[in-house]
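Some notes on the structure that comes next.
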Amino acid sequence: MDDNKRNVSLKSKLIVSYATMCILTFVSGIINFKQLYDIKNGLNAADKIGKDIVTTSVICVVSMIVAIVAAMYMHKNIISRLNNLKNFAMKLARYDFAEDIKIVRNDEIGDTARELNTAQKNIKELISTILNEACNISALSEELSASVEQVSAKLVEVDNSSKEINSTMTETSATAEEIAASIQEVNSSMESLANKATDGSSNAEKIKRRAEKVKEDSKIAMANTAQVREQKEKNIIKAIEDAKVVEEVKVMAGAIADIAEQTNLLALNAAIEAARAGESGKGFAVVAEEIRKLAEQSSETVITIQNTIAKIQDAVKNLSENSNDILNFMSTEVDEQLQAYAKIGEKYSNDGEFISSMSEELVSMAQEVEATIEQINQALQDTAADVQKSSVSSEKIQSEIEVSSASIDQVANAATEQAQIAMNLTELVQRFKLQ
Numbered sequence: 001m002d003d004n005k006r007n008v009s010l011k012s013k014l015i016v017s018y019a020t021m022c023i024l025t026f027v028s029g030i031i032n033f034k035q036l037y038d039i040k041n042g043l044n045a046a047d048k049i050g051k052d053i054v055t056t057s058v059i060c061v062v063s064m065i066v067a068i069v070a071a072m073y074m075h076k077n078i079i080s081r082l083n084n085l086k087n088f089a090m091k092l093a094r095y096d097f098a099e100d101i102k103i104v105r106n107d108e109i110g111d112t113a114r115e116l117n118t119a120q121k122n123i124k125e126l127i128s129t130i131l132n133e134a135c136n137i138s139a140l141s142e143e144l145s146a147s148v149e150q151v152s153a154k155l156v157e158v159d160n161s162s163k164e165i166n167s168t169m170t171e172t173s174a175t176a177e178e179i180a181a182s183i184q185e186v187n188s189s190m191e192s193l194a195n196k197a198t199d200g201s202s203n204a205e206k207i208k209r210r211a212e213k214v215k216e217d218s219k220i221a222m223a224n225t226a227q228v229r230e231q232k233e234k235n236i237i238k239a240i241e242d243a244k245v246v247e248e249v250k251v252m253a254g255a256i257a258d259i260a261e262q263t264n265l266l267a268l269n270a271a272i273e274a275a276r277a278g279e280s281g282k283g284f285a286v287v288a289e290e291i292r293k294l295a296e297q298s299s300e301t302v303i304t305i306q307n308t309i310a311k312i313q314d315a316v317k318n319l320s321e322n323s324n325d326i327l328n329f330m331s332t333e334v335d336e337q338l339q340a341y342a343k344i345g346e347k348y349s350n351d352g353e354f355i356s357s358m359s360e361e362l363v364s365m366a367q368e369v370e371a372t373i374e375q376i377n378q379a380l381q382d383t384a385a386d387v388q389k390s391s392v393s394s395e396k397i398q399s400e401i402e403v404s405s406a407s408i409d410q411v412a413n414a415a416t417e418q419a420q421i422a423m424n425l426t427e428l429v430q431r432f433k434l435q
């Protein structure tokens, strides 16, 4: 029976109560109307009025009793449930979400209680979610703060590295300018070296030609000397043989005079050839001088032979010995010197050719080095330009790093504020009693 009463809606209960009161009021009105009608028609007025008064009084008493019972019933069913709702609301005001409303009804109050329980459940879930998310936000804020500190430290390192790079770029640019200036000096030196190498090649060619001439002259002198030696050797041998005959002393003296004259001419020719040979003909000049002196001695000997016949044997002997010495000297020393001059000329010719070839190679190498230096100079200019661009970029990077550092500081402050908000939110949510 109680369950059925609980299942009746509050609206239905109010309708039944008001309908009952209306019916009783309507019945009372009909009775009063009947009394008035009976009074008007004079029908047993006194008896009727007494009965009607009793009836009306009974109806009024019954109506009052019904009204009081209905009021008490409504108070019990509505006010008590409203007090339950009030107590639930007061718990909610105290952040107490631990218990649900225990109202087992199917009327409007029961529906309200169920909706409040559902709302409390949703709010509890929301508060739990907020609490978990606040904890997550706090943890993430701490991680973000740590990450921001690491990023800030890295930005400081990057900023320092950028400053070092900028300083290095400036030093590199200055070094590149110094290298470019040094390369310009080297380029000038290489041009001068190339010019000198060209002059050296020309001089080497001249030396080669002079050496070849010395070589040819030495060969000619060797041939002439050999021819003269052979001829004079025959003449001297013949003169010596002729000088053995006393009767032919004068003839021999004349022959010796002729020989002395020819020797003098030979010495003159040798001196001329030695003068042509220059430094390489000094030894030959000495020989020529000796030959000239020998010619003078021969002339004096001839005079002596002519003046002193008694000493002719000694003079012939001396002449024979001196002639043999001359022949031996011409056969050995003069010939060797001329051969040495020829070899020297040939060596000078080879050296001149070598110097000429080396000078040409030096010119070629100098030109190649000059071209390479030009390429290096161009590369250094490009490097200097790139260094300048890199320096500008480094300055921009440094500026961006400063901006980023400021932004990171803002992020750090925001993370700190977010962590504080999360802590405040956690403290606020922890006020709610969920269990």
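Residue numbering for the sequence shown follows the UniProt record's numbering, starting at 1 and increasing by one per position. Heads up, the beta-carbon is just placed ideally off N, CA and C, and yes, glycines get one too. All values derive from a computational prediction rather than experimental measurement.
For the pair Ile68 and Phe88, the CB atoms are not nearer than the 7 Å cut-off. In the three-state scheme derived from DSSP, where H, G and I count as helix and E and B as strand, Lys102 is classed as coil. For the set Ile259, Lys213, Ala223, the Cα lying nearest the Cα of Lys234 is the one of Ile259. A buried status is given to Thr263, since no fewer than 16 other beta-carbon atoms sit within 10 Å of its beta-carbon.
If you compare the alpha carbons of Ala277, Leu265, Glu261 with that of Ile220, the shortest gap goes to Ala277. Between Ile109 and Arg81, the C-beta spacing is below 7 Å. Taking every protein chain shown into account, the CB of Gln120 has 16 or more other CB atoms within 10 angstroms, so this residue is buried. By the beta-carbon neighbour count (other beta carbons within 10 angstroms, threshold 16), Glu143 is exposed.
In this structure Met423 is not in contact with Ser128, their Cβ atoms being roughly 18 Å apart against a cut-off of 8 Å.
Glu157 is classed as exposed because its beta carbon has fewer than 16 other beta carbons within 10 Å across all chains shown. Judged by DSSP in its simplified three-state form, Arg94 adopts coil rather than helix or strand. A residue is called buried when at least 16 other Cβ atoms come within 10 angstroms of its Cβ; Ser364 does not meet this threshold and is exposed. Around the beta carbon of Ala134, 16 or more other beta carbons sit within 10 angstroms, so the residue counts as buried. Cβ-Cβ distances below 8 Å link Ala146 to nothing in the same chain once the five nearest sequence neighbours on each side are left out. Just so you know, the alpha carbons of Thr175 and Glu216 end up roughly 59 Å apart. Just so you know, the alpha carbons of Glu290 and Leu266 end up roughly 11 Å apart. Rounded to whole angstroms, the separation of the alpha carbons of Glu261 and Ser298 is 9 Å.
Taking the Cα of Asn413 as reference, the smallest distance to any Cα among Ala223, Glu296, Glu149 is reached at Glu149. Under the 10 Å beta carbon count, Glu178 is surrounded by fewer than 16 other beta carbons and is classified as exposed.
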